[in-house]
Structure formats: structure tokens, C-alpha cells
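With the numbering used here applied, the sequence shown corresponds to residues 38 to 472, in that order.
We treat Cβ as the ideally placed atom computed from N, Cα and C, and that holds for glycine.
Since the structure is predicted, the reported quantities are computational estimates derived from the model, not experimental observations.
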Amino acid sequence: MVPNRKLPAVAALALLTLVAGACSSSSKSGSSSSPTTAVSAGDRGNVNGQLVLGALLPQSGDLSAIFKALSVPIQMAVTEINAAGGVNGKPVVLKSADDGTSPDVASASLDTLLTSGKVDVILGAASSTTELGIIDKIKTNGVLDCSGSNTSSALTVPGGAAGGYYFRTAPPDKFQGPALAQLVLNDNKHKVAILTRNDSYGTGFGASLESALKAGGADVVVNDAYDPKSADFSADVGKVTNKGADAIVVIGFNDDGGKVLKAMIAKNVGPKDIQIYTADGMQSSKLYKSVDPSNPAVIEGIKGTAPAAAPSGVTSPFTAKYAATGNDTIFSAYYYDCTNLVALAAQAAHSDDPAKIKDKMIEVSSGGTKCNTYKQCAALLKAGKDIDYAGASGPVDLTSEHEPGNGVYDVWSYGADGKPANIKGVAQIKISGSS
38 MVPNRKLPAV
48 AALALLTLVA
58 GACSSSSKSG
68 SSSSPTTAVS
78 AGDRGNVNGQ
88 LVLGALLPQS
98 GDLSAIFKAL
108 SVPIQMAVTE
118 INAAGGVNGK
128 PVVLKSADDG
138 TSPDVASASL
148 DTLLTSGKVD
158 VILGAASSTT
168 ELGIIDKIKT
178 NGVLDCSGSN
188 TSSALTVPGG
198 AAGGYYFRTA
208 PPDKFQGPAL
218 AQLVLNDNKH
228 KVAILTRNDS
238 YGTGFGASLE
248 SALKAGGADV
258 VVNDAYDPKS
268 ADFSADVGKV
278 TNKGADAIVV
288 IGFNDDGGKV
298 LKAMIAKNVG
308 PKDIQIYTAD
318 GMQSSKLYKS
328 VDPSNPAVIE
338 GIKGTAPAAA
348 PSGVTSPFTA
358 KYAATGNDTI
368 FSAYYYDCTN
378 LVALAAQAAH
388 SDDPAKIKDK
398 MIEVSSGGTK
408 CNTYKQCAAL
418 LKAGKDIDYA
428 GASGPVDLTS
438 EHEPGNGVYD
448 VWSYGADGKP
458 ANIKGVAQIK
468 ISGSS
């Protein structure tokens with residue numbers, strides 16, 4: 038929940054802390070307290086001493102534009118883990134499957150990873166809606182799941198979703214809604230129209246954003262949702278036009294969000310006519326291709342927030358190493374951290390059994406000796422030390438809900454080249470949760 042108080046409109050947003058209630062403590066607690074009815078993971082024949090990871094990511098579908106931003110960090114982490122001696126003396130094995138940005142595709146791919154792939158851990162799915170479509174199967178099969186890009190608050194469950202087998206390193210949208218609201222309010226926008234994709238990510242984000250905007254004194258003139266599979270978005274766009282808004286927020290994914298922007302431009306409410314805001318789902322160097330593939334500048338001026346690629350004050354060798362790949366940075370650090378966390382938890386558990394790994398996830402994320410590489414952390418574990426993995430995405434410090442207790446967000450805008458870049462002098466917004 039966001040406190041019902043006015044958010045100050047300040048000139049600079051270098052770092053803002055907004056206290057949000059009803060968030061669990063990030064104190065070290067080992068396993069979750071919620072019971073699980075999951076069958077033994079060993080029933081699948083996967084518990085053999087070798088950690089096998091299954092990357093379930095969007096090789097196709099609406100989020101395929103950011104596939105490399107999610108998959109490359111996982112491969113980088115696995116390479117580093119194996120160079121440091123692997124987990125429990127054996128190299129980590131990585132297998133991949135397409136989540137299709139679709140619950141149906143993801144479910145079929147998950148079946149393959151679980152049966153023939155014999156994976157111990159799933160990394161993904163990418164979208165919250167896709168994840169929610171497979172969450173029961175994660176629980177039933179007792180496979181550990183860590184996503185670096187799910188942000189829907191529908192996945193915030195006491196003791197962790199999927200009977201405690203689900204974790205995420207990306208902060209939930211109960212934090213990003215207030216962060217985006219702060220950006221809008223600091224631009225002195227006070228009559229806002231919101232248009233979101235009709236799924237758990239879009240509508241949940243829209244609700245959090247509306248609440249924060251109203252608490253800050255803004256008038257939300259409309260908050261509506263569109264069908265992302267629609268062939269024509271003109272009627273949806275019509276719902277947010279002629280409302281006297283001085284800003285429009287569009288919450289969607291690369292493909293559908295781009296088509297919405299195209300329909301807006303056709304109605305003379307594009308970024309050259311009114312200030313448009315968005316968020317992580319539409320942060321991509323390829324977004325313009327869904328609007329006008331011949332004109333990158335068509336989205337110039339759109340502003341947004343996204344979980345920080347490199348939070349202020351965080352030092353990690355991953356940041357420079359990944360930047361050298363030239364890929365988009367959206368959620369990259371969060372998938373790198375998921376991979377390292379599950380490997381360290383498996384090392385701490387002395388097992389590749391998901392039931393034992395999940396009981397060590399919170400433990401390795403906070404409260405011990407700080408370390409920020411797998412090699413460094415694994416050496417401490419082997420020496421009998423308690424560790425606190427300091428990730429590339431931030432401290433991590435998983436709560437009893439199996440997620441971060443705060444969020445740090447980049448504030449960015451699209452340039453004439455169609456690429457998102459952090460806004461100078463604005464940098465990042467931090468939203469903190471407290472008990």
C-alpha cells in the first residue's frame with residue numbers, strides 16, 4: 038500500500054525514498070513458513086548431484102525483442118560459476134526453452150524441461166501473466182523458479198508463491214507505480230490518462246500508478262485497459278483522447294505497446310503532441326520498429342521508468358562486462374542475480390534438490406559476509422561462512438515473500454535514435470518498503 042499523502046513535486050529526482058506499508062521484513066529467516074503440497078522433485082529423476090537450470094524465456098512473442106537482455110546474463114553467470122568450480126564440485130548445465138510470452142507455450146515448454154530436461158531450477162518466465170499461467174505447475178512439480186522480470190503484485194504471496202518454490206529478484210509494481218507517478222508529478226503533469234494492456238502486469242501497474250498519482254494531487258481522467266491481441270487499437274486510444282489530459286501513460290509490451298503508440302500518432306496524440314510516459318515493458322531499442330520501422334525518432338521524447346540496470350552505489354563486475362555485449366540492459370542484472378542466487382543456494386544446501394535449494398535462497402541473500410561474485414561467495418560457503426550475496430541489481434535481500442523489499446528505478450527517455458537513455462540530472466528513484 039502507498040500512504041495517502043501528497044508526493045512532493047521536486048525539481049531533481051536523484052534519489053527519492055517513499056515509504057510503502059504492508060511489506061515484509063528482509064531479515065534472514067531461512068525457509069518460508071507456508072506449507073507445500075508439492076511432490077518430491079526426486080520423483081522426476083532430476084536429483085543426481087548436478088545442478089541443471091532451465092531458462093524459460095521469450096524466444097518468440099511480444100517480449101522476444103528483449104530475449105538477449107534476459108538470456109545473455111544467465112549464460113554469463115553460468116560460465117563464471119563453472120569457471121569457479123561449478124556447484125558441489127560439478128559443472129552447472131543450462132538448458133533453454135521458449136516461453137512464447139504465452140502461458141500455453143510456456144506450459145508446454147515447461148513440461149519438456151521437467152521431463153526430458155530433468156531441470157532442478159527454472160529461470161523465467163519473462164512476463165508476469167505467463168508466470169501466473171504456470172505457477173500451479175511449478176508448485177505441483179516441486180521445481181524451484183526464479184524470475185528476474187516478473188513485476189506483478191499478484192505474485193506477492195506470504196511465504197512465496199507456488200508453495201514457496203517461487204522467487205523473484207525484480208521488484209514488484211507496488212514500488213514502480215509510485216516511482217512512475219513521481220516522475221509524472223515532477224514534470225508538473227496533473228491531469229493524467231492511463232491506458233494499460235489487459236493482463237495482471239498492465240492492470241495491476243495501472244492501479245498502483247493511479248493510487249500514487251491521486252495521493253500526489255493529480256486527477257486521473259481515465260484508467261482503461263486494451264486487449265493486447267487486438268488488430269485495431271483506435272477505439273482504445275479514443276478512450277484517452279479529448280479528456281483534457283496533459284499526459285498519457287501507456288503500460289504495455291514492445292509489440293502491442295508500439296501499435297498503441299502508432300494509433301495514438303494517427304489521432305494526433307503522439308509524443309510530439311502530448312507528453313507520453315511508459316515503463317519497463319516498453320523499454321527497448323526495438324520499440325520504434327512496432328511504430329514506424331523507418332523512423333526511430335517517431336518515439337522521441339517518451340519518458341519512463343524501469344528497474345535500474347545499475348543502481349546507484351552498487352559495485353559489480355557484471356555491469357561493465359555486460360555493457361560490452363552491446364545488448365539492451367532491461368532486467369539483465371536481475372537474471373544474472375537469479376542465476377547466482379540459485380547456484381549459491383544449491384552450494385549451501387550441498388544438493389541439487391529444489392526442496393533443499395529453496396530453503397537456502399533467503400539465507401544466502403542477506404545477513405552474512407558480503408560478497409558479489411559467485412567465486413567469492415562460494416569460497417566463503419566452503420569455508421563454513423554465512424554469506425550475503427550483494428547482487429548486480431542491488432543488495433537483493435529477499436523478504437519472506439521471496440522478493441526484494443524495495444525498488445530502484447532508472448528514469449529514462451527515448452532519443453532521436455529510438456534508444457532509451459537515462460535522463461541526465463534525474464538518474465534514479467528509490468522506493469522503499471517497510472514493515
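By the neighbour-count criterion, in which 16 or more other beta carbons inside 10 Å mark a residue as buried, T406 falls on the exposed side.
Taking P128 as the centre and dropping the five residues before and after it, the same chain places the C-beta of N119 closer than 7 angstroms to its C-beta, in chain order. By the 16-neighbour rule on beta-carbons within 10 angstroms, N279 is exposed. For T376, the closest C-alpha among the options G126, V158, D141 and K323 is that of V158.
For the pair F270 and A316, the CB atoms are not nearer than the 8 angstroms cut-off. Counting along the chain, the unbroken beta strand (DSSP E) around A230 starts and ends at K228 to R234. Judged by their CB atoms, R234 and D293 are nearer to each other than the 8 angstroms cut-off. Between A163 and L107, the CB-CB gap stays under 8 angstroms. Residue state for G214 is assigned as helix, using DSSP reduced to three classes. Residues I172 and L192 of the same chain have their beta carbon placed closer than 7 angstroms to that of A198, with the five preceding and five following residues left out of the count.
Closest by C-alpha distance to A382, out of S369, F368, K397 and Y373, is K397. Judged by their CB atoms, A380 and L88 are nearer to each other than the 8 angstroms cut-off.
Rounded to the nearest whole angstrom, the C-alpha separation of L435 and V115 is 21 angstroms. Counting only runs of 4 or more residues that sit fully inside the region 280 to 327, the alpha helix (DSSP H) segments are 291 to 303, in chain order.
Inter-residue distance for F290 and D256 is about 25 angstroms (C-alpha atoms, whole angstroms).
Sixteen is the threshold: when 16 or more other Cβ atoms of the shown chains lie within 10 Å of the Cβ of S245, as they do, the residue is buried. Burial state of P348 is buried, judged by a 10 Å Cβ sphere holding 16 or more other Cβ atoms. In the three-state scheme derived from DSSP, where H, G and I count as helix and E and B as strand, L100 is classed as coil.
Between G444 and Q213, the C-beta spacing is below 8 angstroms.
Per DSSP, the beta bridge partners of P344 are Y446.
In the DSSP assignment, P457 falls within the beta strand (DSSP E) that extends over P457 to N459. Close CB contacts of V433 within its chain, under the 8 angstroms cut and outside five residues either way in sequence, are with T206, D374, L378, S402, S403, Y426, A427 and P441 (chain order).
When secondary structure is reduced to three states using DSSP, L435 falls in the coil class, being assigned neither helix nor strand. The bridge partners DSSP lists for K407 are D425.
DSSP places L88 outside both helix and strand once states are collapsed to three, so it counts as coil. Rounded to whole angstroms, the separation of the alpha carbons of E168 and F204 is 11 angstroms.
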